[in-house]
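Enquirer: Below are the structure tokens for one structure; questions will follow.
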Amino acid sequence: MQLTDTLFYWLQTKRMTERRPEDEAARESLRYFAQILSDDHELESFETLNEGRDEGKIYVAYQVRGQAAKTAWFDREAVDQLANELYGAAGDSEHF
Numbered sequence: 710m711q712l713t714d715t716l717f718y719w720l721q722t723k724r725m726t727e728r729r730p731e732d733e734a735a736r737e738s739l740r741y742f743a744q745i746l747s748d749d750h751e752l753e754s755f756e757t758l759n760e761g762r763d764e765g766k767i768y769v770a771y772q773v774r775g776q777a778a779k780t781a782w783f784d785r786e787a788v789d790q791l792a793n794e795l796y797g798a799a800g801d802s803e804h805f
């Protein structure tokens with residue numbers, strides 16, 4: 710699995726667990742993708758960075774062991790699509 714695909718799936722499941730923390734399947738998927746990022750892609754850190762940024766994008770900062778930190782962005786609508794399909798669309802005032 711490509712790094713950008715794995716980051717996207719990790720981000721999707723992260724957003725799902727933020728929206729429904731009691732969803733054990735989502736939490737297990739989040740751990741699974743985090744392990745792939747750490748083990749297969751050798752990431753030593755990865756996190757979302759969105760304060761003061763474009764509302765239509767979600768930014769992820771990550772660092773491969775021994776390399777400089779990088780930032781990738783993903784379309785917010787695409788990231789939230791799975792959660793919206795499973796849990797229903799989030800209201801305009803609901804942020805997670």
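Residue numbers (the numbering used here): 710 to 805.
Note that the Cβ used here is the ideal one computed from N, Cα and C, for glycine as well.
Between which residues of its own chain and R762 is the CB-CB distance below 7 Å, once the five residues before and five after are set aside?
Expert: Y768
Enquirer: Under the rule that 16 or more other beta-carbon atoms within 10 Å means buried, what is L795, buried or exposed?
Expert: exposed
Enquirer: Q883 to G797, Cα distance in whole Å?
Expert: The chain is shown from 710 up to 805; residue 883 falls before or after that span and cannot be answered.
Enquirer: For the 8 Å Cβ check, are there 3 or more pairs between the region 782-796 and the region 717-735?
Expert: A contact exists between the region 782-796 and the region 717-735.
Enquirer: Would you identify the three-state DSSP class for Q772, choosing helix, strand or coil?
Expert: Strand, per DSSP.
Enquirer: Just to confirm the assignment, what range does the alpha helix (DSSP H) spanning E733 have?
Expert: 733-748
Enquirer: Across which residues does DSSP place A781 in a beta bridge pair?
Expert: V769
Enquirer: Tell me the rounded alpha-carbon separation between V773 and R740.
Expert: 18 Å
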